[in-house]
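Residue numbers (the working numbering): 436 to 678.
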């Protein structure tokens, strides 16, 4: 995984700014935990500033893009956490599990080092109610292959609470479904550069051309324009919390 981020050559931190509404859900799930490990921390966008954060990230490029903070930063991978047992009050992992090579081992490591909540923002690979899949069906296939089924988390972590995370129409974090009400954004190469799924599906030119044509002709609005009336919607993202 780190090679993708190390070679992409973009200002990822500017494209993937934490959305305050999503951040609130994550921080609430962390409870009163003080010492928090952020696994697959990226540029650190969802780290609460009022906690003692240790950020673990495999990519040197991502680490270089982190803003100045009091967080301790460690380069490493989820499957081999360089920390003692039970040394954190909580662990968080935000849109990262699909990058792990051995997800079961990574989850076992989260359990090992945390004496409290394990808070994971992920995606339900069975979710299909998103118009973008009409233009890029490869994205749905990719998610099915790389995203763990939601019921796997209970097998890995024991008792879990799973909640849908509704995505606001003006979401500031540019992940895959963030632009569900801003379809023209997907035509922007800079926007796509911040979405790892687009790096992985091969030739996207036909889908881009089809989307561009439908936006210009009004076909997109006729088929999918009902979403323009919504302020937020379920796009398949899930918050998984294990005590």
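Glycine included, C-beta positions come from ideal geometry on N, C-alpha and C.
A distance below 7 Å between beta-carbons, with the five flanking residues on each side excluded, links residue 668 to the following residues of its chain, in chain order: 601, 602, 615, 662. The residue among 534, 666, 658, 543 with its C-alpha nearest the C-alpha of residue 677 is 543. Between residue 528 and residue 501, the C-beta spacing is not below 8 Å. Here the C-alpha atom of residue 512 lies approximately 18 Å from the C-alpha atom of residue 631. Following the DSSP letters along the chain, one finds residue 548 inside the alpha helix (DSSP H) bounded by residues 538-548. The way I'd put it, the region 558-567 doesn't touch the region 503-521; fewer than three beta-carbon pairs between them come closer than 8 Å. The alpha carbon of residue 564 has as its nearest neighbour, out of 471, 574, 555, the alpha carbon of 574. Here the region 487-505 makes no contact with the region 541-556; the two share fewer than three CB pairs at distances below 8 Å.
In chain order, 558, 600 place their CB closer than 6 Å to the CB of residue 672, counting only its own chain and leaving out the 5 sequence neighbours on each side. Within the region 578-665, the runs of beta strand (DSSP E) that reach at least 3 residues and sit entirely inside it are, in chain order, 596-603. Scanning its chain for C-beta atoms nearer than 6 Å, with the 5 sequence neighbours on each side dropped, one finds around residue 595 the residues 588, 589, 675, 677, in chain order. Just measuring C-alpha positions, the residue of 506, 474, 475 sitting nearest residue 487 is 506. The Cβ atoms of residue 460 and residue 483 do not sit closer than 8 Å to each other. The three-state secondary structure of residue 508, taken from DSSP, is strand.
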